[in-house]
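Asker: Supplied in structure tokens, the structure appears directly below.
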Amino acid sequence: MAGRIEDYALIGDMQTAALVCRDGTVAWLCLPRFDSHAIFAGLLGTEEHGFWRIGPAHAPDAQPPAATRRGYRGDSLILESEWDTGRGTVRVTDFMPPRDGAPQLIRIVEGVSGRVPMRSALRMRFSYGRVVPWVHKHEGRTVAVAGPDSVWFDTSAETYGQSLTTYSDFTVAPGDRIAFTLSWQPSHKEPPPLPEPEQSLEATEDFWREWVEHCTYHGPYREAVIRSLITLKALTYAPTGGIVAAPTTSLPEDIGGVRNWDYRYTWLRDAAITLSSLLRTGYREEARAWREWLLRAVAGDPENLQIMYGIAGERELGEAELDWLPGYENSAPVRVGNGAAHQLQLDVYGEVTEALHLAHMTGLARNDYASLLQLKLIQYLEKHWTEPDEGIWEVRGPRRHFVHSKVMAWVAVDRTIKLIESGDADGPLERWQQLRDDIHRDVCEKGYDKERNTFTQSYGSKELDASLLLIPQMGFLPPDDKRVIGTIEAIQRELSTPDGFILRYPTEGSDEGVDGLPGDEGAFLAVSFWMADDLAMIGRVDEARRLFEKLLALRNDLGLLAEEWDSVRQRQVGNFPQAFSHVPLIDTALRLTASEAYGG
Numbered sequence: 061m062a063g064r065i066e067d068y069a070l071i072g073d074m075q076t077a078a079l080v081c082r083d084g085t086v087a088w089l090c091l092p093r094f095d096s097h098a099i100f101a102g103l104l105g106t107e108e109h110g111f112w113r114i115g116p117a118h119a120p121d122a123q124p125p126a127a128t129r130r131g132y133r134g135d136s137l138i139l140e141s142e143w144d145t146g147r148g149t150v151r152v153t154d155f156m157p158p159r160d161g162a163p164q165l166i167r168i169v170e171g172v173s174g175r176v177p178m179r180s181a182l183r184m185r186f187s188y189g190r191v192v193p194w195v196h197k198h199e200g201r202t203v204a205v206a207g208p209d210s211v212w213f214d215t216s217a218e219t220y221g222q223s224l225t226t227y228s229d230f231t232v233a234p235g236d237r238i239a240f241t242l243s244w245q246p247s248h249k250e251p252p253p254l255p256e257p258e259q260s261l262e263a264t265e266d267f268w269r270e271w272v273e274h275c276t277y278h279g280p281y282r283e284a285v286i287r288s289l290i291t292l293k294a295l296t297y298a299p300t301g302g303i304v305a306a307p308t309t310s311l312p313e314d315i316g317g318v319r320n321w322d323y324r325y326t327w328l329r330d331a332a333i334t335l336s337s338l339l340r341t342g343y344r345e346e347a348r349a350w351r352e353w354l355l356r357a358v359a360g361d362p363e364n365l366q367i368m369y370g371i372a373g374e375r376e377l378g379e380a381e382l383d384w385l386p387g388y389e390n391s392a393p394v395r396v397g398n399g400a401a402h403q404l405q406l407d408v409y410g411e412v413t414e415a416l417h418l419a420h421m422t423g424l425a426r427n428d429y430a431s432l433l434q435l436k437l438i439q440y441l442e443k444h445w446t447e448p449d450e451g452i453w454e455v456r457g458p459r460r461h462f463v464h465s466k467v468m469a470w471v472a473v474d475r476t477i478k479l480i481e482s483g484d485a486d487g488p489l490e491r492w493q494q495l496r497d498d499i500h501r502d503v504c505e506k507g508y509d510k511e512r513n514t515f516t517q518s519y520g521s522k523e524l525d526a527s528l529l530l531i532p533q534m535g536f537l538p539p540d541d542k543r544v545i546g547t548i549e550a551i552q553r554e555l556s557t558p559d560g561f562i563l564r565y566p567t568e569g570s571d572e573g574v575d576g577l578p579g580d581e582g583a584f585l586a587v588s589f590w591m592a593d594d595l596a597m598i599g600r601v602d603e604a605r606r607l608f609e610k611l612l613a614l615r616n617d618l619g620l621l622a623e624e625w626d627s628v629r630q631r632q633v634g635n636f637p638q639a640f641s642h643v644p645l646i647d648t649a650l651r652l653t654a655s656e657a658y659g660g
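This note's numbering numbers the first residue of the sequence shown as 61 and each following residue consecutively.
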């Protein structure tokens, strides 16, 4: 039943999110949290696995019509879809109000012109499409119950059940407004309060308008930056401050392949760079909440830093396969949980330390435990930086001495030295200055190919890796260093797609490559933005701007990006929307705006 990934819109309430297709189908929704079981899992299977469609009535054997146009209402997460039909025009407004009680998905159907026959078809399937709930009436309301969960369906329209689906057929004329609401509640509790759709709509619009007003960026790319910031806010789990990498699982990096992962967790790397973007655009409260989440998540065991945690700081994220779901466009297996949680990725220590350093430098209120954590992380790195690891891309092949991991270990030590030098922490300054020098020398001697004038993916390797683009951005070497320029140009030559975007690293088709997996993947959008950053840093600002604007053109009509771009199929791939794509979009916009301000 799934459309293209870019056919979907995101709505959410900062605790979970839904994906709505152009034809009015909600094909993905987990309740009550991002990482809960889905009640609509049609995105990863068929209509039998759960969906909710509202749109103009159509013949049973015909494709549901796609909306004639759609867009978010101003700078908000309120989706408006309009259909022009032979009988008139109708609008459906979809949103999830920021919650102070039961999570709600509200859909308001409004007649614009003529008289348009409409249909709502609601098929709830709990536990990722496997469980058919008990649907019955309770005091005039429709409720679906299965185990610990209940979902309440409220509408003024007449409903009826058929083929284990709840339908409503109705007609709207100009001025008619008919609301439909789903509310989740633990099944052992009293029913949730009756919804108030119109008041909730007004409150939701007010929330987003007030939130966007805090943005301090007013440059030429404001529209793209604002939409990316709204997306990042939507991916933040409000109760804890944790930020999910994406609200979906198993949207494939390689359509029909096995590169399908669950991204509904908080990667320290993703969250740390998100904090950076939020701080630089005026969102200090979100940055503070993330720092508090981090300190809670690693409390008691900072040396055994995981690369990811659950959105409340959970450590156990065991990976399993859902064999009853065929996968998006038959991309199997569908996975929940993530076995990479316990990998060794030394670069994470650098990303976390860089985030804490930035929070400190931008005046976020001092937290003594944050400084203590930073010192403990360096004590760990001092003992372990010489070890091989799985690296930034979570390879499932053998561990290697990844150059990026060593560079980020250097970053962790460098930022901690700066903290000590500022007088805000105590530590063995001279010893760690020597450690910083040792790591730098090791990388330059073992991770650099003199013949090709480029850093390499790992020590002794001839392969390239786009993570090397962060070398100048992290201050490991200055942008005008010939080794930096050589690396940028080598990546352009060897890791570019025909349309000019950047791959993370070489893959081997049907054979297993460095990541231990068969198959290929698309251009990785984050590293393509990094390339634009590097080009600007080395003075090729016009080229950087052209690449950035090509990347902006890959966004769907609502300004959303998945993880990757399939240059062959010319479509987005990977989990959607992806924080790790929207963060570097913001960063590159800020860098290019600064370049223009200084005559770049």
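Heads up, the beta-carbon is just placed ideally off N, CA and C, and yes, glycines get one too. In this text the structure is predicted, and so the values were computed from the model without any measurement.
1. Assuming L137 and A332 form a contact by the criterion Cβ under 8 Å, report the distance between their Cβ atoms to the nearest whole angstrom.
2. Answer yes or no: the CB of F636 versus the heavy atoms of the ligand HEM, is any distance below 7 Å?
3. Nearest to G378 by CA position, among W384, S627, P386 and M368, is which residue?
4. Give the C-beta separation of R183 and E262 to the nearest angstrom, bearing in mind that I take them to be a contact with Cβ-Cβ under 8 Å.
5. Looking at C-alpha atoms only, which residue of I166, S228 and G161 is the closest neighbour of A117?
6. For V279, does the count of other Cβ atoms within 10 angstroms reach 16, so buried, or fall short, so exposed?
7. So what's C504 in DSSP terms, helix, strand or just coil?
8. Alpha carbon to alpha carbon, how far is V195 from H248?
9. Of the choices E170, P393 and Q434, whose alpha-carbon is the least far from that of I480?
10. G423 lies in the alpha helix (DSSP H); which residues open and close that run?
11. Do you know how far the Cα of R93 is from the Cα of V364?
12. What's the C-alpha gap between W112 and R426?
13. Exposed or buried, which one is K542 when buried takes at least 16 other CB atoms within 10 Å?
14. Hey, N635 and T308 are a contact pair by Cβ (cut 8 Å); roughly how many whole angstroms apart?
15. Quick one: residues in its chain with C-beta nearer than 7 Å to the C-beta of I562, no 5 flanking neighbours on either side, listed in chain order?
16. Is the separation between the beta-carbon of E352 and that of G301 shorter than 8 Å?
17. Assuming D594 contacts P532 under a Cβ cut-off of 8 Å, what Cβ separation, rounded to an integer in Å, is found between them?
18. Give the single residue among A77, F240, W88 and R133 whose Cα lies nearest to the Cα of W268.
19. Would you report the Cα separation of L489 and A472, rounded to the nearest angstrom?
20. Give me whichever residues DSSP pairs with Q164 in a beta bridge.
21. List the DSSP bridge partners of P116.
22. Does D580 come out as helix, strand or coil in the three-state DSSP assignment?
23. Identify every residue that forms a DSSP beta bridge with D154.
24. With a cut-off of 8 Å on the beta carbons, I'd call I315 and S391 a contact; round off their distance for me.
25. For P538 and R651, I'd like the C-alpha separation in whole angstroms.
26. Which runs of the alpha helix (DSSP H) at least 4 residues long sit entirely within the segment 510-578? Give them in chain order.
27. Can you tell me whether D330 is helix, strand or coil according to DSSP?
28. Could you check whether P125 and D73 sit closer than 8 Å to each other, using their CB atoms as the reference points?
29. Can the beta-carbon of W453 be found closer than 8 Å to that of V503?
Answerer: From the atom records:
1. Walking along the sequence shown from the start, residue 137 turns up at place 77. Walking along the sequence shown from the start, residue 332 turns up at place 272. Actually they do not touch by this definition, with Cβ atoms about 24 Å apart.
2. Summarising the ligand content, the structure contains no ligands, and the ligand HEM is consequently not present.
3. Taking the sequence shown and counting its residues from 1, the one referred to as residue 378 is at position 318. Among W384, S627, P386 and M368, the Cα nearest to that of G378 belongs to M368.
4. The residue labelled residue 183 in the question sits at position 123 within the sequence shown. The residue labelled residue 262 in the question sits at position 202 within the sequence shown. 30 Å between Cβ atoms; not a contact.
5. Within the sequence shown, residue 117 is the residue found at index 57, counting from 1. For A117, the nearest C-alpha among the options comes from S228.
6. Within the sequence shown, residue 279 is the residue found at index 219, counting from 1. According to the sequence displayed, residue 279 carries Gly and not Val. Burial call: exposed.
7. Here the question's residue 504 lines up with position 444 in the sequence shown. It is helical.
8. One-based indexing of the sequence shown puts residue 195 at position 135. One-based indexing of the sequence shown puts residue 248 at position 188. Computed Cα separation, rounded: 15 Å.
9. To locate residue 480, count along the sequence shown from 1; it is residue 420. Nearest option by C-alpha distance: Q434.
10. As a first step, residue 423 is located in the sequence shown; it is residue number 363 there, counting from the start. No alpha helix (DSSP H) contains G423, which DSSP labels as neither H nor E.
11. Here residue 364 refers to the residue found at position 304 when the sequence shown is read from its first residue. Here residue 93 refers to the residue found at position 33 when the sequence shown is read from its first residue. Checking the sequence shown, residue 364 turns out to be Asn, not Val. Answer to the nearest angstrom: the Cα atoms are 26 Å apart.
12. The count along the sequence shown starts at 1 and reaches residue 112 at position 52. The count along the sequence shown starts at 1 and reaches residue 426 at position 366. Going from the Cα of W112 to the Cα of R426 covers about 47 Å.
13. Here residue 542 refers to the residue found at position 482 when the sequence shown is read from its first residue. By the neighbour-count rule (16 or more Cβ atoms within 10 Å), K542 is not buried but exposed.
14. For the purposes of this step, residue 635 is taken as the residue at position 575 of the sequence shown. For the purposes of this step, residue 308 is taken as the residue at position 248 of the sequence shown. Indeed they touch by this definition, with Cβ atoms about 5 Å apart.
15. Locating residue 562 in the sequence shown gives position 502, where the first residue counts as 1. The answer, listed in chain order, is A526, I551, L555, S556, A583, F584, V587, S588 and M591.
16. For this step, residue 352 is matched to residue 292 along the sequence shown. For this step, residue 301 is matched to residue 241 along the sequence shown. Yes, the pair counts as a contact, with Cβ atoms nearer than the cut-off.
17. The residue labelled residue 594 in the question sits at position 534 within the sequence shown. The residue labelled residue 532 in the question sits at position 472 within the sequence shown. Going by Cβ atoms, the distance from D594 to P532 rounds to 6 Å, so yes, they are a contact pair.
18. One-based indexing of the sequence shown puts residue 268 at position 208. Nearest C-alpha to W268: R133.
19. The residue labelled residue 489 in the question sits at position 429 within the sequence shown. The residue labelled residue 472 in the question sits at position 412 within the sequence shown. The straight-line gap from Cα to Cα measures roughly 14 Å.
20. Indexing the sequence shown from 1 puts residue 164 at position 104. S243.
21. Here residue 116 is taken as the residue at index 56 of the sequence shown, counted from 1. DSSP, once it has assigned bridges, lists M178 as partnering P116.
22. Against the sequence shown, residue 580 aligns to sequence position 520. Looking at D580 - three-state DSSP - the assignment turns out to be coil, as it is neither helix nor strand.
23. Along the sequence shown, one-based indexing puts residue 154 at 94. Looking at the DSSP assignment, D154 forms a beta bridge with L139 and R167.
24. As a first step, residue 315 is located in the sequence shown; it is residue number 255 there, counting from the start. As a first step, residue 391 is located in the sequence shown; it is residue number 331 there, counting from the start. Right, their Cβ atoms sit about 6 Å apart.
25. For this step, residue 538 is matched to residue 478 along the sequence shown. For this step, residue 651 is matched to residue 591 along the sequence shown. If you take the alpha carbons of P538 and R651, they lie about 16 Å apart.
26. 530-533 and 542-554
27. Sequence index remark: in the sequence shown, residue 330 carries index 270 (1-based). Three-state DSSP puts D330 in a helix.
28. Sequence index remark: in the sequence shown, residue 73 carries index 13 (1-based). Sequence index remark: in the sequence shown, residue 125 carries index 65 (1-based). No; because the gap between Cβ atoms is not below 8 Å, this pair is not in contact.
29. The residue you call residue 453 lines up with position 393 of the sequence shown. The residue you call residue 503 lines up with position 443 of the sequence shown. No, Cβ-Cβ distance for W453 and V503 is not below 8 Å.
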